[in-house]
Amino acid sequence: MSLNVSFTSDDLLNSTVINDSTGQTLFYISTPFRFGTQVSTIRDADKNLVASYEHRWGKDRVTFHGETRNVSQWLPKRSWLSNNRVLYVQNGRSYVWKPNRFNSSYKVLDTQTDTIAARTHHRSFGFLSKRRVGIDVHEELVPYLDALILAFMICECDRRVSATASRNAATTSPLASPPTSPVIVVTPSV
Numbered sequence: 001m002s003l004n005v006s007f008t009s010d011d012l013l014n015s016t017v018i019n020d021s022t023g024q025t026l027f028y029i030s031t032p033f034r035f036g037t038q039v040s041t042i043r044d045a046d047k048n049l050v051a052s053y054e055h056r057w058g059k060d061r062v063t064f065h066g067e068t069r070n071v072s073q074w075l076p077k078r079s080w081l082s083n084n085r086v087l088y089v090q091n092g093r094s095y096v097w098k099p100n101r102f103n104s105s106y107k108v109l110d111t112q113t114d115t116i117a118a119r120t121h122h123r124s125f126g127f128l129s130k131r132r133v134g135i136d137v138h139e140e141l142v143p144y145l146d147a148l149i150l151a152f153m154i155c156e157c158d159r160r161v162s163a164t165a166s167r168n169a170a171t172t173s174p175l176a177s178p179p180t181s182p183v184i185v186v187t188p189s190v
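One point on numbering: in full-length UniProt numbering, the residue at position 3 of the sequence shown is 3, and numbering is uninterrupted.
So, in structure tokens, the structure goes:
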């Protein structure tokens, strides 16, 4: 059995994550505005702090269940030039986040079996059905949904910053300063 979750807002840094089938709130994500480094927090449905993501110049940091690490350690890239990131979960398995170049979605593959364990989707304004930004999670990853949500936020934040930088590079001089990056903090829902 799989679980489908959605973000109630396109602003993933300020959203609520819900169970699509029941409407139940699973996590609250918030990023208060402030100058300088911003921190996004994820809280569970009872509003207990689950994780925070600090996006800053230099090394981004993540705190997950009380343990603080650099993002490059918690969700490392497969190689220096790769867009793929590897998520290690408590069951000893690892999952690769693979971006789709054509539609900005991700497949999450089990590294041992090369099977899809989760798939992300973006908002759709279809005539027959509308849907929000979300993740379809296979049952094996449901116990690690908090880690999956945090990893998705990091991957999607990186993708959006890269897309903005690419658009800016195409329209500005090569001497222009680089765009700033957002910080994501994930807060659990109540």
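In this text, a Cβ means the ideal position worked out from N, Cα and C, and glycines have one as well.
Between Pro99 and the rest of its own chain, which residues show a CB-CB distance below 8 Å, the 5 nearest in sequence each way excluded?
-> If you ignore the 5 residues before and after Pro99, its C-beta comes within less than 8 Å of the C-beta of Asn83, Asn84, Ser105, Tyr106, Cys155 and Arg159, all in its own chain and listed in chain order.
Identify which residue in Arg101, Pro143, Asp11 and Val17 has its Cα closest to the Cα of Ala45.
-> That would be Val17, whose Cα lies nearest to the Cα of Ala45.
Residue nearest to Val133 in terms of C-alpha spacing, selected from Gln38, Gly66 and Asn103 | Checking every option, the nearest Cα to that of Val133 belongs to Asn103.
Using the Cα positions of Val71 and Met153, report the straight-line distance between them to the nearest angstrom.
-> Using only the alpha carbons, I get a separation of about 12 Å.
Where do the ends of the alpha helix (DSSP H) carrying Trp74 lie?
-> DSSP places Trp74 in the uninterrupted alpha helix (DSSP H) bounded by Val71 to Trp74.
Express the C-alpha separation of Leu145 and Asp110 in angstroms, rounding to a whole number.
-> The alpha-carbon atoms of Asp110 and Leu145 are separated by roughly 15 Å.
Leu12 by DSSP, collapsed to three states: which one?
-> Note: Leu12 maps to coil in three-state DSSP.
How about residue 249 and Val39: are their beta carbons less than 8 Å apart?
-> What the structure shows of the chain is the stretch from 1 to 190, and residue 249 is not part of that stretch, so it cannot be assessed.
When you compare each of Gly36, Glu67, Ile42 and Gly66 to Gly58 by their alpha carbons, which one comes out closest?
-> If we check each option's Cα against that of Gly58, Gly36 comes out closest.
Distance, Cα to Cα, Asp60 vs Tyr53?
-> Straight-line Cα distance between these residues: approximately 7 Å.
Secondary structure at Phe33, three-state DSSP: helix, strand or coil?
-> Looking at Phe33 - three-state DSSP - the assignment turns out to be coil, as it is neither helix nor strand.
Determine the DSSP secondary structure at Arg78, reduced to helix, strand or coil.
-> Looking at Arg78 - three-state DSSP - the assignment turns out to be coil, as it is neither helix nor strand.
How many angstroms separate the CA atom of Leu3 from the CA atom of Leu81?
-> Leu3 and Leu81 have their alpha carbons spaced roughly 32 Å apart.
Reducing DSSP to helix, strand and coil, say where Ala45 ends up.
-> Looking at Ala45 - three-state DSSP - the assignment turns out to be coil, as it is neither helix nor strand.
Would the beta-carbon of Val86 fall within 8 Å of that of Val96?
-> Inclusion of Val86 and Val96 in the CB contact set at 8 Å is warranted, their separation being smaller than that value.
So, using beta-carbon positions, are Ala117 and Leu150 closer together than 8 Å?
-> Taking 8 Å as the Cβ cut-off, Ala117 and Leu150 do not qualify as a contacting pair.
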